[in-house]
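Below is one structure, written out as structure tokens, with a few remarks after it.
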Amino acid sequence: CGGLTKRFLVPGWRMGWIIIHDRKQRLANSIVGLKNMCGRILGSNTIIQGALPEILTKTPQSYFDGVIDVLHSNATLAYKMLKTVRGLNPVMPNGAMYMMIGVSIERFPAFKDDTHFVQELVNEQSVFCLPGSCFEYPGYVRIVLTVPGPMIEEACSRMAEFCDRHFKKDSRAFIEHGLLDEDLAF
1 CGGLTKRFLV PGWRMGWIII HDRKQRLANS IVGLKNMCGR ILGSNTIIQG ALPEILTKTP
61 QSYFDGVIDV LHSNATLAYK MLKTVRGLNP VMPNGAMYMM IGVSIERFPA FKDDTHFVQE
121 LVNEQSVFCL PGSCFEYPGY VRIVLTVPGP MIEEACSRMA EFCDRHFKKD SRAFIEHGLL
181 DEDLAF
């Protein structure tokens, strides 16, 4: 099982493959199901399909090494920038081209959930990420790490501005400890 999306950083191309070795036809029903599934998904165009043998055999190892370096560098940059943002909890990925970021939604009372948070982030800051709810992971957002480093930096800065503007301090904690807002440094 494999695909171009993650190996070559081309999300949306929907170009993958499954190799099945089944001499005794024990997986016949499964193969029918896989073929049906493939027929429902809009796949890549024939130009990409025709280029696949050359893509797979002529891409140098240096390309993959460079991809790993870029993803690691971007993940490190995003993590360092977002870990200091109130209400966000980034999760450092291990080899992924995405980063999941926990959103303490209770600290952002203007938003009912991660989807609403993302909608307003797009509207106000033009930063697009996916709500974790898309992946059955509510309370998180997902950013892509495949863009150039300066774009990661700009997006993280905009996310920080957005969160600073909408973050709500818990006044109950201040009252319990006899403090005023300005007494606490967040």
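In the UniProt record's numbering, the protein residues as written are 1 to 186.
In this text, a Cβ means the ideal position worked out from N, Cα and C, and glycines have one as well.
All values derive from a computational prediction rather than experimental measurement.
- Judged by beta-carbon spacing, Q119 lies beyond the 8 angstroms limit of E161, meaning their Cβ atoms are not closer than that value.
- Runs of the alpha helix (DSSP H) lying entirely within the stretch 28-99 and spanning at least 4 residues, in chain order: 28-40, 46-58, 61-82.
- In the DSSP annotation of this structure, the continuous segment of the alpha helix (DSSP H) that includes V118 starts and ends at 114-125.
- Per DSSP, reduced to three states, the secondary structure at L4 is helical.
- Per DSSP, R23 lies in no beta strand (DSSP E) and is assigned neither H nor E.
- Taking C-beta atoms as the reference points, G139 and G132 count as a pair closer than 8 angstroms.
- A distance below 8 angstroms separates the beta carbons of G87 and F167.
- Out of Y79, Q49, P93, the CA that lies nearest to the CA of E153 is found in Y79.
- Straight-line spacing of the CA atoms in D65 and L82 works out to 26 angstroms.
- DSSP, read as helix, strand or coil, puts R158 in helix.
- Just measuring C-alpha positions, the residue of T57, N94, R26, I55 sitting nearest N74 is N94.
- Close CB contacts of V85 within its chain, under the 6 angstroms cut and outside five residues either way in sequence, are with A160, C163 (chain order).
- Looking at the backbone, the Cα of K58 and that of M97 are separated by about 23 angstroms.
- Burial state of L121 is buried, judged by a 10 Å Cβ sphere holding 16 or more other Cβ atoms.
- The three-state secondary structure of R14, taken from DSSP, is coil.
- Distance from the Cα of I143 is smallest, within the candidate group M15, N89, R14, I19, for N89.
- Burial of D114 is indicated by the presence of at least 16 other C-beta atoms within 10 angstroms of its C-beta.
- Under the criterion of beta carbons closer than 8 angstroms, W17 and G2 qualify as touching, at roughly 6 angstroms.
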